[in-house]
Amino acid sequence: MKEILHFQDAIKIGVPVRFSAMIKPVGSQCNLDCKYCYYLGKGDESIVKNQVKGVMSRDLLERFIRQYIEGTSSEEIAFIWHGGEPLLAGLNFYKLAMELQAKYDDGRPITNSIQTNGTLLNPEWSRFFKENKFLVGISMDGPKYIHDYNRTGRGGVLSFDRVFKGLELLKNDGVEFNTLSVISKISEKKGAEIYNFFKDAGSHFMQFLPAAEDAPWGVSGEGYGRFMIDIFKEWMVEDVGRYFVQLFDVALGQWYGAPPALCSFAQTCGDSVVVEMNGDVFSCDHFVTQEHFLGNISNKHLKDLVTSEKQRKFGFSKRNTLPQECLECKYLFACRGGCPKYRYKTSSNGEKNLSALCEGYKLFFDFADPYLEYMAKRL
66 MKEILHFQDA IKIGVPVRFS AMIKPVGSQC NLDCKYCYYL GKGDESIVKN QVKGVMSRDL
126 LERFIRQYIE GTSSEEIAFI WHGGEPLLAG LNFYKLAMEL QAKYDDGRPI TNSIQTNGTL
186 LNPEWSRFFK ENKFLVGISM DGPKYIHDYN RTGRGGVLSF DRVFKGLELL KNDGVEFNTL
246 SVISKISEKK GAEIYNFFKD AGSHFMQFLP AAEDAPWGVS GEGYGRFMID IFKEWMVEDV
306 GRYFVQLFDV ALGQWYGAPP ALCSFAQTCG DSVVVEMNGD VFSCDHFVTQ EHFLGNISNK
366 HLKDLVTSEK QRKFGFSKRN TLPQECLECK YLFACRGGCP KYRYKTSSNG EKNLSALCEG
426 YKLFFDFADP YLEYMAKRL
């Protein structure tokens, strides 16, 4: 890979560090066994082996919260709790986290969001999230027959009914929530159906994330593009400003010329690290492998790991390894080659690192372009 630095890179290196850190207090532990899970049982064997069962210790939790608040210069400090299934850490763990955030509060706003499969939600959790103003992300793929196809519990136990009950609980208690849906092969051609299901369920903020791995359940690039077009058609009729779809918001920002709101569509990446239950830090949630291991917060400050030369090269490689086909594409400004996780295809001239979602992005952008251009001008 040829090392290329732009003027914007120099600015980025020279200014105070802004980064986010996704924390996984129980590592890969989960009470579900989803077919498309990119985390359970994946990656370097030694890393999976070292992720013993348990919960992040109080000492590591306090160390992380202190270093994160000290290290990032972001105007708002966003704590992102993830998994596995983060609710397995228990309610007392998060009560302690709130105490520690208050202890190290330096006056900047602190927010908390948590991504859960929803099966463990109960009135106690709901009250806690309401009282502490958590944004709760519910992982749900759509109607029962779609959701239960991939998202099963241990031994094949279906999960939809428990998840929907959890969603209803949050909604009735007035907890702020959104829905995150993984789009796999079974979701293809069902965009409108899934979108309207979530509208009926009361979700006003939706994420539709493609599972584009080269696997039997993987969504095709074309399938994902047409899926999002079908939703866009529904959304444009009467839902603009009432319902929010992450890809549409991000795309509008790209057409408007705003800073990318999603790392997948940024020129470079590396500003969002993941912190495991044992304090290990990795370049990205999608790259929890030995190759992308940065260090441990017990031995080095989180800020130093984020600003390391290794992480800098990881971030810039997103742009520096683009194939010529991407560099010549009229939509490069919009997708920036997509997430490196899915850049495993070969381009038309034989170059590597083409996104498996390339065809889908082109289909969607071609369809949405006149609408996005109109909205960007209105803005």
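Residue numbering for the sequence shown follows this note's numbering, starting at 66 and increasing by one per position. Cβ coordinates follow ideal geometry from the N, Cα and C atoms, glycine included. Quantities reported herein were computed from a predicted structural model and do not represent experimental measurements.
Residue i versus the options, residue with shortest Cα-Cα distance
i: L397; options: F381, L153, C423 and S373; result: C423
i: F225; options: A266, A257 and V201; result: A266
i: Y159; options: L312, N177 and N96; result: N177
i: D350; options: C102, D98, R83 and L97; result: C102
i: D238; options: Y439, F194 and Y214; result: F194
i: S413; options: F429, G322 and P388; result: P388
i: R123; options: S382, S329, Q166 and K250; result: Q166
i: W282; options: Y214, N261, T137 and W300; result: Y214
i: G220; options: G207, S252, K100 and P174; result: K100
i: M87; options: S191, P435 and F347; result: F347
i: G256; options: G149, K298, L185 and M342; result: K298
i: R384; options: F263, R408 and D369; result: R408
i: A277; options: A421, G202 and K254; result: A421
i: I251; options: I142, G360 and A280; result: A280
i: D516; options: H147, G148 and F432; result: In this structure the chain extends from 66 to 444, so residue 516 is not present and cannot be described.
i: K395; options: H147, K264 and F430; result: F430
For residue i, the three-state DSSP class (helix, strand or coil)
i: L165; result: helix
i: M205; result: coil
i: M271; result: strand
i: V82; result: coil
i: D345; result: strand
i: I362; result: coil
i: W282; result: coil
i: V310; result: strand
i: L156; result: helix
i: Q180; result: strand
i: K410; result: strand
i: S420; result: coil
i: G220; result: helix
i: V338; result: strand
i: N454; result: As shown, the chain starts at 66 and ends at 444. That puts residue 454 outside it, with no answer to give.
i: A257; result: helix
i: V247; result: strand
i: L444; result: coil
i: F381; result: helix
i: M121; result: coil
i: F447; result: Nothing about residue 447 can be reported from this structure: the residues present for the chain run from 66 to 444 only.
i: T143; result: The question names Thr, but residue 143 in the sequence shown is Ala. Of the three classes helix, strand and coil, the one that applies to A143 here is strand, per DSSP.
i: L397; result: helix
Residue i burial status per 10 Å Cβ neighbour count (16 or more: buried)
i: L437; result: buried
i: D345; result: buried
i: Q272; result: buried
i: N446; result: Absent from the model: residue 446. The displayed extent of the chain is 66 to 444, so no value can be given.
i: Q355; result: exposed
i: K442; result: exposed
i: G172; result: exposed
i: Y28; result: In the structure as shown, the chain begins at 66 and stops at 444. Residue 28 is therefore absent and cannot be evaluated.
i: N364; result: exposed
i: P405; result: buried
i: G183; result: buried
i: K198; result: exposed
i: R216; result: buried
i: V371; result: buried
i: M205; result: buried
i: L392; result: exposed
Beta-carbon proximity list for residue i, same chain, < 8 Å, skipping 5 on both sides
i: R307; result: H269
i: R83; result: T137, S138, S139 and D336
Contact set for residue i: own chain, Cβ-Cβ below 6 Å, skip 5 residues either direction
i: E241; result: L200
i: D109; result: With a pLDDT of only 39 at D109, under the threshold of 50, the placement of this residue in the model should not be trusted; the figure read from the coordinates follows. Excluding positions up to five away in sequence, the list reads T354 and Q355.
i: L234; result: L186 and S191
i: V113; result: Note on V113: pLDDT 46, under 50, position unreliable in the model; no value is reported.
i: G202; result: Q180, N243 and L245
i: E127; result: L165
Whole-angstrom C-beta distance between residue j and residue i, which should lie under 8 Å
i: V339; j: I362; result: The Cβ separation is near 12 Å, so there is no contact.
i: H366; j: Q132; result: 6 Å
i: A154; j: V120; result: 5 Å
i: L444; j: Y321; result: 6 Å
i: G425; j: G335; result: With 8 Å as the limit, G425 and G335 do not qualify as a contact, their Cβ atoms being about 25 Å apart.
i: T411; j: F381; result: Their Cβ separation, rounded to whole angstroms, is 22 Å, which puts T411 and F381 out of contact at 8 Å.
i: L245; j: L274; result: 6 Å
i: P90; j: P188; result: Contact flag wrong, Cβ pair sits at about 22 Å.
i: L428; j: R291; result: 6 Å
i: I145; j: Y169; result: Actually they are not in contact, since the Cβ atoms of I145 and Y169 sit about 17 Å apart, beyond 8 Å.
i: F330; j: Q319; result: 6 Å
Neighbourhood of residue i by C-beta, 7 Å cutoff - its chain only, sequence neighbours within 5 removed
i: K118; result: Q94
i: G218; result: N96, L97, D98 and S224
i: M440; result: L317
i: S111; result: Since pLDDT at S111 reaches only 38, below the 50 mark, its modelled position is unreliable, and no value is offered.
i: E141; result: R173, P174 and T176
Min CB distance residue i to chain D below 8 Å
i: Q180; result: Here chain D cannot be found, since the structure has a single protein chain.
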